[in-house]
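In our numbering, the protein residues as written are 75 to 177.
Each remark here refers to the structure printed beneath this line.
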């Protein structure tokens with residue numbers, strides 16, 4: 075299923091809120107902030123352009139990283155998505171900032 079995910083699936087989510095299902099089954103409300111394609115990382119003979127998605131929590135969270143689930147337009151629920159936490163770097167330290175890379 076993850077091989078079917080393309081950047082176009084996340085485009086409608088930019089600026090929108092959604093729920094990220096954490097490894098423990100709890101839900102974290104997030105806002106999708108940026109979507110970036112990385113053409114230089116594309117391997118020959120692969121269909122998908124590598125891309126990344128950044129989003130932040132709307133509340134304080136202790137979640138750091140792990141395999142999560144989220145709803146994506148056209149595809150529905152995708153499972154087994156590895157989400158990594160990023161440092162706040164000048165942003166509100168009370169929120170969580172996260173990153174997903176699709177290679």
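No residue lacks a Cβ here, since even glycine has one placed at the ideal position from N, Cα and C.
Unbroken beta strand (DSSP E) run spanning residue i, endpoints
i	result
residue 158	150 to 160
residue 130	125 to 131
residue 144	139 to 146
residue 95	91 to 95
residue 108	101 to 111
residue 175	171 to 176
Cut-off 8 Å between Cβ atoms - residues of its own chain near residue i, not counting five sequence neighbours on either side
i	result
residue 93	101, 102, 103, 104, 144, 145
residue 151	143, 144, 145
Test item: CB-CB of residue i and residue j under 8 Å
i	j	result
residue 125	residue 176	yes
residue 96	residue 140	yes
residue 129	residue 172	yes
residue 83	residue 147	yes
N-terminal and C-terminal residue of the alpha helix (DSSP H) that residue i is part of
i	result
residue 82	81 to 84
Contacting residues, own chain, Cβ-Cβ under 7 Å from residue i (five flanking each side not counted)
i	result
residue 170	130, 131, 135, 137, 159
residue 86	147
residue 81	109, 111, 123, 125
Residues near residue i by beta carbon distance below 6 Å, same chain, minus five either side
i	result
residue 77	none
residue 108	128
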